[in-house]
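Undergrad: Going down the list, the sequences are from chains A and B.
Taking the working numbering as reference, the numbering of the first sequence is continuous, increasing by one, and the terminal residue is 343.
Taking the working numbering as reference, the numbering of the second sequence is continuous, increasing by one, and the terminal residue is 131.
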Amino acid sequence: GQQLNQSPQSMFIQEGEDVSMNCTSSSIFNTWLWYKQDPGEGPVLLIALYKAGELTSNGRLTAQFGITRKDSFLNISASIPSDVGIYFCAGLKFQGAQKLVFGQGTRLTINP
Amino acid sequence: DVKVTQSSRYLVKRTGEKVFLECVQDMDHENMFWYRQDPGLGLRLIYFSYDVKMKEKGDIPEGYSVSREKKERFSLILESASTNQTSMYLCASSSNPGTDNEKLFFGSGTQLSVL
Numbered sequence: 232g233q234q235l236n237q238s239p240q241s242m243f244i245q246e247g248e249d250v251s252m253n254c255t256s257s258s259i260f261n262t263w264l265w266y267k268q269d270p271g272e273g274p275v276l277l278i279a280l281y282k283a284g285e286l287t288s289n290g291r292l293t294a295q296f297g298i299t300r301k302d303s304f305l306n307i308s309a310s311i312p313s314d315v316g317i318y319f320c321a322g323l324k325f326q327g328a329q330k331l332v333f334g335q336g337t338r339l340t341i342n343p
Numbered sequence: 017d018v019k020v021t022q023s024s025r026y027l028v029k030r031t032g033e034k035v036f037l038e039c040v041q042d043m044d045h046e047n048m049f050w051y052r053q054d055p056g057l058g059l060r061l062i063y064f065s066y067d068v069k070m071k072e073k074g075d076i077p078e079g080y081s082v083s084r085e086k087k088e089r090f091s092l093i094l095e096s097a098s099t100n101q102t103s104m105y106l107c108a109s110s111s112n113p114g115t116d117n118e119k120l121f122f123g124s125g126t127q128l129s130v131l
């Protein structure tokens, strides 16, 4: 099955730094989503994007739906210890398909 | 608060055993999913269900089957467990089409080890 190419696979940063990660695909998606998985838990939805070029924020998180509809970006500003976890991008090709395609995940580690 | 509950957090089974992973959601969602999560591979869809007694194969259904006898419960079955099925298994649900159905709610996961 198709997967999205998510990078980087892991990040080690200092508290307070900004974080950027991205997701790319060879095909077009109509919806992009970003999930976060805390250690020992299931993923939780952070941001959903529905239009090419759309920029959406959720607190210190900002995500963008690429204008080519083949990529998406997630930025975290001024990282804090609770940002630790695995971040997944996910794409949906059309409504009702019910089959999200997930990226490989970005594992974020923060040094206090 | 919405809740997807997986019956076991950790399971250890032997090769060849029949394994049942149970998942229950309390949100009256039509759609339920089983994923497996492996390092470097992300989440891969095993099976999903749009309604009671309905099931469809995902991307990696081989070696698995599912059962959905009631709307709130979706079971994943490993008919004869093998070591390559050692993984984290995540159950998820989502609501009716047309109402944010792409937004999945996940359980906490079951870490299965097959020895």
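Glycine included, each C-beta is placed from N, C-alpha and C at the ideal position.
Can you give me the C-alpha to C-alpha distance between residue 261 (chain A) and residue 30 (chain B), rounded to a whole angstrom?
TA: Counting from one through the first sequence, the residue named residue 261 (chain A) turns up at place 30. Counting from one through the second sequence, the residue named residue 30 (chain B) turns up at place 14. Between the alpha carbons of residue 261 (chain A) and residue 30 (chain B) lies a distance of about 43 angstroms.
Undergrad: Let me see if you follow: with CB-CB separation under 8 angstroms, is residue 245 (chain A) close to chain B or not?
TA: Sequence index remark: in the first sequence, residue 245 (chain A) carries index 14 (1-based). With 8 angstroms as the cut-off, residue 245 (chain A) does not count as an interface residue toward chain B.
Undergrad: Please list the terminal residues of the continuous beta strand (DSSP E) segment that includes residue 104 (chain B).
TA: For this step, residue 104 (chain B) is matched to residue 88 along the second sequence. It spans 103-110 - the beta strand (DSSP E) in which residue 104 (chain B) sits, taken as one unbroken run.
Undergrad: Just grab the DSSP bridge partners of residue 315 (chain A) for me.
TA: Translated into the one-based positions of the first sequence, residue 315 (chain A) becomes position 84. According to DSSP, residue 315 (chain A) bridges with nothing at all.
Undergrad: Is it true that the stretch 315-323 of chain A meets the stretch 261-273 of chain A, where meeting means three or more beta-carbon pairs spaced less than 8 angstroms apart?
TA: yes
Undergrad: Nearest chain B C-beta to residue 264 (chain A) closer than 8 angstroms, yes or no?
TA: Within the first sequence, residue 264 (chain A) is the residue found at index 33, counting from 1. Cβ-Cβ to chain B under 8 angstroms: yes for residue 264 (chain A).
Undergrad: Give the residues of chain A in contact with residue 36 (chain B), contact being defined as C-beta atoms less than 7 angstroms apart.
TA: On the second sequence, residue 36 (chain B) is found 20 positions in, with the first residue counted as 1. The premise fails here: residue 36 (chain B) is roughly 19 angstroms from chain A at the closest Cβ pair, so nothing lies under 7 angstroms.
Undergrad: Return the residues of the stretch 289-319 of chain A that lie within a Cβ-Cβ distance of less than 8 angstroms from chain B, sorted by chain order.
TA: 319
Undergrad: Please state the DSSP three-state secondary structure of residue 99 (chain B).
TA: For the purposes of this step, residue 99 (chain B) is taken as the residue at position 83 of the second sequence. Residue state, collapsed to three classes: helix.
Undergrad: Report the partner residues of residue 322 (chain A) according to the DSSP bridge assignment.
TA: Residue mapping note: residue 322 (chain A) aligns to position 91 of the first sequence, counting from 1. Looking at the DSSP assignment, residue 322 (chain A) forms a beta bridge with A:263, A:332.
Undergrad: Closer than 8 angstroms by beta-carbon distance: list the chain D residues that pair up with residue 123 (chain B), in chain order.
TA: The structure shown contains no chain D; the protein chains it does contain are A and B.
Undergrad: Return the residues of the stretch 55-69 of chain B that lie within a Cβ-Cβ distance of less than 9 angstroms from chain A, sorted by chain order.
TA: 55, 56, 57, 58, 59, 60, 61, 64, 66
Undergrad: Put residue 38 (chain B) into one of helix, strand or coil per three-state DSSP.
TA: In the second sequence, residue 38 (chain B) corresponds to position 22, counting from 1. Correct three-state label for residue 38 (chain B): strand.
Undergrad: Any chance the stretch 101-110 of chain B sits against the stretch 47-55 of chain B, with 3 or more Cβ pairs inside 8 angstroms?
TA: yes
Undergrad: Look at the alpha carbon of residue 286 (chain A) and the alpha carbon of residue 245 (chain A), and state the distance between them as a whole number of angstroms.
TA: What you label residue 286 (chain A) is simply residue 55 of the first sequence in a count that begins at 1. What you label residue 245 (chain A) is simply residue 14 of the first sequence in a count that begins at 1. Cα-Cα distance, rounded: 26 angstroms.
Undergrad: Span of the beta strand (DSSP E) holding residue 63 (chain B)?
TA: Counted from its first residue, the second sequence places residue 63 (chain B) at position 47. DSSP places residue 63 (chain B) in the uninterrupted beta strand (DSSP E) bounded by 58-65.
Undergrad: Identify, in the order they occur along the chain, each residue of the same chain with its Cβ nearer than 7 angstroms to the Cβ of residue 83 (chain B), setting aside the five sequence neighbours on each side.
TA: As a working note, residue 83 (chain B) is residue 67 in the second sequence. The residues are 91, 93.
Undergrad: Measure the alpha-carbon distance for residue 291 (chain A) versus residue 284 (chain A) and round it to whole angstroms.
TA: On the first sequence, residue 291 (chain A) is found 60 positions in, with the first residue counted as 1. On the first sequence, residue 284 (chain A) is found 53 positions in, with the first residue counted as 1. Rounded to the nearest angstrom, the two C-alpha atoms are 19 angstroms apart.
Undergrad: Going by the CB atoms, is the gap between residue 331 (chain A) and residue 339 (chain A) shorter than 8 angstroms?
TA: Along the first sequence, one-based indexing puts residue 339 (chain A) at 108. Along the first sequence, one-based indexing puts residue 331 (chain A) at 100. For residue 339 (chain A) and residue 331 (chain A), no; Cβs fall outside 8 angstroms.
Undergrad: Helix, strand or coil, according to DSSP, for residue 274 (chain A) in the structure here?
TA: Counted from its first residue, the first sequence places residue 274 (chain A) at position 43. Looking at residue 274 (chain A) - three-state DSSP - the assignment turns out to be strand.
Undergrad: Report yes if the C-beta distance between residue 333 (chain A) and residue 240 (chain A) is below 8 angstroms; otherwise report no.
TA: The residue given as residue 333 (chain A) occupies position 102 in the first sequence. The residue given as residue 240 (chain A) occupies position 9 in the first sequence. It is not a contact, given that the beta carbons lie outside the stated cut-off.
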